[in-house]
Structure formats: C-alpha cells, structure tokens
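Protein chains in written order, with the working numbering: chain A, 1 to 390; chain B, 1 to 328; chain C, 1 to 191.
All residues carry an ideal CB built from backbone N, CA and C; glycine is no exception.
In what follows, a structure is listed as structure tokens, so that the remarks can point back to it.
Set out below in structure tokens:
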C-alpha cells in the first residue's frame, strides 16, 4: 500500500512484516527512529516480539545472536560507533554462520565526531563475513530488508542492509509498503538447522585448531561467493511478487551507449541518475548502481562495464593512507579484462557534506583534467585546509 | 563401528543426568571442571548454555570433540550474559519451557563481561548466570583480574621488591549483583558439592535472574597440588575468606556456617601464589594481618559463626530435605 | 518540480511542517519528498527543512539550493546570512511575523508576505507552534494543493481536539492572506 512515510518508519514496517520474534535495540543517531518505531509496533500489539532494550550495541548484537541460536528470527539496527562497538560480535556471527538481518544506517566514524552520512562505518567491517547490500533509496531499503531475511536464511549468512543515514532514514517520501500476504508468500517460517535444542544437543562456537581452521574459513568464503546467485534469484522472485524492479547485484541505467561510466553505491545514485538523464546523449554516462558489495560481484561488474573507455568510481568513504575502498576493489576486478576501462576514483560527501546535482558535471570536468587517476576527494574545499596543507 | 545411542536412551541409562562428559582436557584437579559437572547435573537436560571464552570452553571443545551433552554455545569473552539474554527472549516468545544458563569465569564476569551481566540482570531475564571464580585470567596464563584476592601474585601482579602482589581488594561481585534487586544470588564452593546442586536447583526455580558465584581453585594458577583442590576450597570457606551465602532480593537469607574458623594462614600457606607473604618482610606480615582482617570481617558481616541451618553437605541430606526426587 | 525551503528554530515544528507538506502532496496523488538539514537539534537552534513536490518520482536527494518558495518560521532568522539565498527570481517568501507584509518588505528590500502565525496558534491551539498556520497560508497563496489535503495529512498525526483545533487554525490562517497571488509563480516553477 502506498503511503507517505519517513524512511525509518518504513524500515520498521518492513521488519515487522518479516515477523522477527526478538528485536534488540540500542539507540544511536540516525537509526534510532527505526527501533523507536518498532517499539511502538510491539507496544501496540501490531508485532508479537520480545523487544530487548540492551545496554550497548555490543549486547544488541549478542542478544540477537543468542536469539537466532535459540531458534528465533531476530533483528537489530545500528550506525557508526555502534557498529564498531559490536564489531567483535559481527565477525563471530558470520563465522558461526548464523542467519541474522541488521540495518546499518550509514554514518561517519569518529574521530572527528560526526552524526552525518557517509559509508565509512559499514566499509570498515566489510571483512566481517556478512553479506552487505547498499540501498539506493527508501523503496529499495524496504524491499532489500524483506529479501535480506530470505537471503540470510537460505545461505546461513548474516545480512547487513546498508542505507544512508539521515539521507534516507529521515527523508519522508511516497513508499509502497508490501502486504503481509506478499511477504508470507515469499518468506517461509524461520528454520535454522543448527539451532540449540535439548532434544538434539550440539556444541556451537568451539575452538578450532590449525588442523581444521583453513577449511572452516574456506567454507565461509565459498558460502559468500555462492550467495551471489542467491541474491540475484531472491531479487527476481521478489520483483515478481512486488511488481517492482528490485536491485539484484547491481543496476545499470543512464546512457547505454556512453563510453564513460559512473559507478556508485548508496543514495547519491538518485541525484547522479537525475543529473545524467538531464544531459544530452553524447555528453552523458552509463550509471552503475552497485547494490551487493559483499560478496563482491566481479562477474556482474565486468559485464556492466563492457565497452566502457572510462569508469569513474564515486564513493562515500575512504581508507586513510590508501584511498578509495570501492575504487580499489573495482580496479582489481576490472584489471582481469582484456581491455579494461581507465578507472578514476573519487570520494564525495564525507561526514554528510551535501552532494548536489552539479556533482556529475564536476566529475566529468575533473576526469577531463586528468584528476582521479590517483584517488581524490571530489568536493574538497582547499580554502578550509590549514595554511600548511595548501 | 560406533553405535549411536539416542539422547533419550542415554539419559535413561545414566544414574544421574550427565551434561558434562569425562575426557576433556582440563588440568588435574581443576575446580572449574568439577563445578561445571555439578551445575549441569543439577540443572538437568532441558537447558541451553551460553559460555564465555575461558578455560572451560577451551578445554571442553576442541573441534571436533565436545564434552557437552547439552545444547551449548560459545560466542565471545564479554557477552555470555547477553547471549543468554537473547536465548531467553527467543524461548519466551516460542513458549518453550527450556531454560537458559549463562556461564563465565571471573574475567568474563567481573571485568570484561560485567556490562553485559549488569544489563541482563537489570532487564530481569529469566536466566541463571554462573560464575566460575578461579580468581585470575587463567586461560591466558594466570593474569590479574578484579576477582583476585588482595596480595595474591600473578604474572601481571607479581610480588617483587616494590610490590606485594595485587594491591586492590577482591571485587564484591555478589553484593553488586544483589544490588540489581534480583530474586536470588548466592555463593558456593566446590568443597560443598551438594550445596552447589541445591543452589542450582533453587536458582532455576526462581522466576527472573539468578546468580551463582562458585569458588573454584586452580591448581596451576594458585600453586598447589591438584590432589588437594577440595581441601584448598574448603579452607577458603572455613577461614571466612570465601563466605558461602544466599541472598534474596539483596537480603541475606542463609549462610554455610563456619563454627570454628581456621586462621587464614592455613589457607594461604598451601598456595605458592601467596608464598611471598611468608617471608620475614614487615610488609608481608602486614598483608597477612590485612587478609586475616578481611576474613574476620566476613565472619562478622555474614554472621557465619552463628548462622546456617545446614550441618551436613550431602546429596542424601539435601534430597531428604527437599522431599525426594534427585532431579526433575 | 517545486522546491521549498523552510527555516525555523528547533521546537517550532519545522521538520513536521516539511513532512506535512509532502504528505499533503501525496494525499493529492502527487509525489513529495521532505527532509531536514540535520543538525544537533536543540530548542531554539536554527533548523532548515526541505520539501520537493512533483508529478513524477523524485530522484535527487541533495539540499534545496534554489527554492521557488521560502517559509520563514521566525522573523529573527531574516538577519541570519544565507537564509534567503538561492531564491528563484520572482520566488515567494512567507514570514511568520507580527509586522505587516508591507513593513517587512520595506525593511528587507524584498517582497514578503507575513502572517502572525505564532499569535494565531497561541490563540487557537494554546501553543506557540506556527507551522500549521504557515502551511495553510502557503497553500492559499500558491494554490499548489487544496487545504483539505493538509487537513488529511494532519489527521495522520493528530486526532480529536488537537486535530479539530488545527483544522480551525488552518481556516483562520488561510483567511489572513490573499489567495492565489503566488499561483503563477508556482506554475512556472513546476514546469
């Protein structure tokens, strides 16, 4: 049903449709509205779940893990500092192959302290072994949340649904909330083969010596690689039920004939897409909206870049001392092509800096001048730097 | 060829419920292993366990072997109470009667796991938390924890020219826990196994959070022969240094009586972790006096000389008092 | 597409105003997008919110730099640099002020419409929250959406006496301004 809803409200509804039995909640800007909305749904009897208001994000993730281990579908949400505080648990959940879904409302990381939107937080835990999906808008976030439970429970991998904090969570727009019947048709009742049961006692989380560790880690890695197909399939299945095109591993739009491509991830895709469509053919670009970052969709990416002479990776994080994160992985993936595009890499919008429509033009101008071969910050304002840094 | 025995049949064959099997890799005379066996015996089969990182999970589960015959999970060092809380929430929504026991050593309870414990207690989860207290970080090779008694020596608080071991007092965890207004908190010792059984059953019967703090000597870390673990544990209780008490919503309701307290020297001299206290050093004498004062204070505070109803610690005495049935 | 920027102070319902306007558009079968420029919210601090109204799905998510209309919830903010920046030529400025439109326009050298929204709200709602009154005036000036759509949007958030009082406030506020004087500008902007 179509409604005008704030992003976080919509996410709460999407989660409620999946009927988790346990929700662990700890507040942090900008995800707080999600758990507040869920608390209200529980309090009003619209959702039959135990809402555990924990004393830190470390416990939020642990409570969710314990709940799934005991056989219940669970949910939690966090951002930024909270994500890092639960980092130890994130690796543990993934290594234990426990199906959990979590929303990360992307926010910059301290220091410096910032409550505003960038993707440094989820990028910082990209190696935790979770599936990571990045949403381009709130409708995508709703659909991805529902798909996440299917993906998680089918692959026995936890799924992190990343959505830009404030930019998506606090934006009110017209959204379609699926019907409960649609979700029932799509998401089977929760089943986890290795849940803890006194009738079939098992030991979970044992010590593993060098004799067996490599194979354990390998199976985890393989599971993530195989999840690529599951993400695709689930996306198609949900499209058929919802009547909406739904993400997959990545989406290609803009000018299919252009020999310049822009790859981006998250909500800035919307602004870029509008700018690209407003440009005449011949002076525009192909837009690749990356949705799956883990597993990294190498094959799909190479196909999407076929025929491109130049590819600009525009991201919202960076690895200090190295450069772009998405850019580095894209470069590596494309280097296997016989005739790879020239790759440029920029970050933009760090710490919530607004990403205006002109960004696309600025980007074209920058690469025409040869900037971006080495990673650069597209929206750096040098007059704000200390004099020595000029 | 191995014969697979169904769990129900296994349980029927056992003379008492065994959730914790022999063949694990604990040190000779490990107090914690004994305590874990006693806890799982008394708790019975319909329980799932959350275990913090530490000696217990390491010596019981080197994949592919496990000593646990109960559903058991180890996650991290600091989160046993939070894992347990999540399990409890799930079982509650599922409407299952299965109970939850979270377990940790003193490190995972007093220090790194303290926050999760406090949170779980405050939220009132229907869960038993058991702390196996061997008074140091033993799994990593005997380092200081806040549970260590004053003046004991470890690798990170050694006795030397300037220092006499740990300078700070043992954290009074059971008082802190009781301050959360939980229905049941108790201390126990491996020297009194039936008392442990009794307290586990009492804790499981309570609706809400329960906490059991079990004193478990570590022969390697404390510096005594594994053959005298029980004796050492008993001396800790009989000197008054480790009072065995029960609290309901913060009120003292029962104690294990210490009618003829032993001098602390009897306990301390059996452990090399306190050997620096038996030199001619004036500071050593001072520390001994301090430890004796702590013991005397405990005896006064908990009225150990006068109190208590139990004069026998045995299964049969306990069974008779309860009116029969070894376990449900 | 019409882009509107709303300036106010924390506690004046600035963000809710933006949400209500976008919701009202939805009630009329249009597309709306609303979000705050996020800051460390506290009572009295300047806050900004953005609204977009369109006939097609709105894709851009950047801040509104060239608004067709400005709604200023506190006239003291007129002295803050940047508040009026980017206004499109011929764009409308609606200000919550006890001064008359003429006096305000003279003082600032720019055409402005004023509404004593806080005073009205205090009288009818019993609370000095100017947002509903300003939105009603805005819709009357632009005829972008019928007032009924605003009432419908409000009913999603309020019920009973609060809703009734707000409805009364909407009517009173609408009567205080001249209808449709910004209608042409609104059409031009949405082209």
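Which term fits residue i, buried or exposed, when burial requires 16 or more other beta carbons within 10 angstroms of its beta carbon?
i, result
"residue 335 (chain A)", "exposed"
"residue 67 (chain C)", "buried"
"residue 285 (chain A)", "buried"
"residue 328 (chain B)", "Any reading at residue 328 (chain B) must be qualified, since the residue scores a pLDDT of 39, below 50, and its modelled position is unreliable; the value itself is stated next. By the neighbour-count rule (16 or more Cβ atoms within 10 Å), residue 328 (chain B) is not buried but exposed."
"residue 9 (chain B)", "exposed"
"residue 60 (chain A)", "buried"
"residue 172 (chain B)", "exposed"
"residue 168 (chain B)", "exposed"
"residue 184 (chain C)", "exposed"
"residue 139 (chain C)", "buried"
"residue 6 (chain C)", "buried"
"residue 212 (chain A)", "exposed"
"residue 224 (chain B)", "buried"
What does residue i touch in chain C if you count any residue whose Cβ is under 7 Å from its own?
i, result
"residue 396 (chain A)", "Here chain A comprises residues numbered 1 to 390, so residue 396 (chain A) is not present and cannot be evaluated."
"residue 4 (chain A)", "22, 23, 26, 32"
"residue 357 (chain A)", "60, 62"
For the candidate residues the options, whose alpha-carbon lies nearest to that of residue i?
i, options, result
"residue 126 (chain B)", "B:280, B:204, B:224", "B:204"
"residue 7 (chain A)", "A:60, A:235, A:338, A:140", "A:140"
"residue 128 (chain B)", "B:286, B:207, B:115, B:59", "B:207"
"residue 315 (chain A)", "A:123, A:50, A:34", "A:123"
"residue 85 (chain B)", "B:59, B:53, B:119", "B:119"
"residue 109 (chain C)", "C:123, C:93, C:53, C:4", "C:93"
"residue 399 (chain A)", "A:310, A:237, A:274", "No answer is possible for residue 399 (chain A): it lies beyond the span of chain A, which begins at 1 and ends at 390."
"residue 400 (chain A)", "A:296, A:19, A:298, A:261", "Any property of residue 400 (chain A) remains undetermined from this structure, which presents chain A solely from 1 to 390."
"residue 337 (chain A)", "A:264, A:305, A:346", "A:305"
"residue 176 (chain C)", "C:120, C:80, C:187, C:166", "C:120"
"residue 18 (chain C)", "C:28, C:36, C:54", "C:36"
"residue 272 (chain A)", "C:85, C:58, C:135, C:148", "C:58"
"residue 250 (chain B)", "B:175, B:212, B:83, B:87", "B:175"
"residue 241 (chain A)", "A:185, A:266, A:205", "A:185"
"residue 301 (chain A)", "A:177, A:321, A:226, A:248", "A:248"
"residue 193 (chain A)", "A:97, A:182, A:75", "A:97"
"residue 9 (chain C)", "C:152, C:23, C:3, C:47", "C:47"
"residue 59 (chain B)", "B:282, B:323, B:36", "B:36"
"residue 339 (chain A)", "A:346, A:331, A:345", "A:331"
In chain A, which residues lie less than 9 Å from residue i when you measure between Cβ atoms?
i, result
"residue 166 (chain B)", "Within 9 Å Cβ-Cβ: nothing; residue 166 (chain B) doesn't reach chain A, min ~27 Å."
"residue 157 (chain C)", "Under the 9 Å cutoff, chain A gives no residues; its nearest Cβ is about 11 Å from residue 157 (chain C)."
"residue 98 (chain B)", "70, 196, 197, 198"
Which residues of chain A have a Cβ atom closer than 7 Å to the Cβ of residue i, listed in chain order?
i, result
"residue 56 (chain C)", "Residues of chain A passing the Cβ test: none, with the nearest at roughly 11 Å."
"residue 46 (chain B)", "198"
"residue 91 (chain B)", "70"
"residue 63 (chain B)", "206, 207, 208, 212"
"residue 50 (chain B)", "66"
Interface residues of chain A around residue i at Cβ under 8 Å?
i, result
"residue 83 (chain B)", "62, 63, 65, 66, 69"
"residue 87 (chain B)", "66, 67, 69, 70, 196"
Whose Cβ in chain B lies nearer than 7 Å to the Cβ of residue i?
i, result
"residue 92 (chain A)", "75, 76"
"residue 88 (chain A)", "76"
"residue 246 (chain A)", "Ordered by position in chain B, no residue passes the 7 Å Cβ test against residue 246 (chain A), which lies about 30 Å from the chain."
Would you please state the rounded distance, in angstroms, between the beta carbons of residue i and residue j? I believe it to be under 8 Å.
i, j, result
"residue 103 (chain A)", "residue 61 (chain C)", "Not confirmed; about 18 Å, so no contact."
"residue 288 (chain A)", "residue 250 (chain A)", "6 Å"
"residue 128 (chain A)", "residue 31 (chain A)", "Contact flag wrong, Cβ pair sits at about 18 Å."
"residue 375 (chain A)", "residue 329 (chain A)", "In fact, because the Cβ distance is near 13 Å, the residues do not count as touching under 8 Å."
"residue 75 (chain B)", "residue 111 (chain B)", "Going by Cβ atoms, the distance from residue 75 (chain B) to residue 111 (chain B) rounds to 17 Å, so no, they are not a contact pair."
Quick one: list the residues of chain B neighbouring residue i, beta-carbon separation under 8 Å, in chain order.
i, result
"residue 161 (chain A)", "The contacting residues do not exist; residue 161 (chain A) stays about 20 Å from chain B at best."
Kindly list, in the order they appear in chain C, the residues whose Cβ is closer than 8 Å to that of residue i.
i, result
"residue 116 (chain A)", "38"
Next item on the list: Give the residues from the stretch 66-80 of chain B that approach chain A closer than 8 Å (Cβ to any Cβ), ordered along the chain.
Entry: Legend: CB atoms of the stretch 66-80 of chain B lying less than 8 Å from CB atoms of chain A belong to residues 66, 68, 69, 70, 71, 72, 73, 74, 75, 76, 78, 79.
Notebook entry, point to check: When Cβ atoms are compared, which residues of the stretch 63-80 of chain A fall closer than 8 Å to chain C?
Noted result: Those residues of the stretch 63-80 of chain A that come within reach of chain C (Cβ to Cβ, closer than 8 Å) do not exist; the list is empty.
Notebook entry, point to check: Of all the residues that make up the stretch 29-50 of chain C, which are near chain F by a beta-carbon distance shorter than 8 Å?
Noted result: The structure shown contains no chain F; its protein chains are A, B and C.
Note to self: Using a Cβ-Cβ cutoff of 7 Å, what residues of the stretch 10-31 of chain C are near chain A? List them in chain order.
What the structure shows: The residues in question are 19, 22, 23, 26, 31.
Check: Using a Cβ cut-off of 7 Å, which residues of the stretch 258-280 of chain A contact any Cβ in chain C, in chain order?
Finding: From the stretch 258-280 of chain A, only 267, 270, 271, 273, 274 have a Cβ closer than 7 Å to chain C.
Next item on the list: Mind checking the stretch 20-49 of chain A against chain B and listing, in chain order, the residues whose C-beta falls within less than 8 Å of any C-beta there?
Entry: Close to chain B, meaning a Cβ-Cβ distance shorter than 8 Å, are the following residues of the stretch 20-49 of chain A: 21, 22, 24, 48, 49.
Checklist line | Under 7 Å (Cβ pairs) to chain B, residues found in the stretch 201-230 of chain A | finding: So the list reads 201, 202, 203, 204, 205, 206, 207, 208, 209, 212, given in the order they occur along the chain.
Check: Just by C-beta distance, which residues in the stretch 164-175 of chain A are closer than 7 Å to chain C?
Finding: Residues of the stretch 164-175 of chain A that bring their beta carbon within less than 7 Å of a beta carbon in chain C comprise 166, 167, 170, 171, 172, 173, 174, in sequence order.
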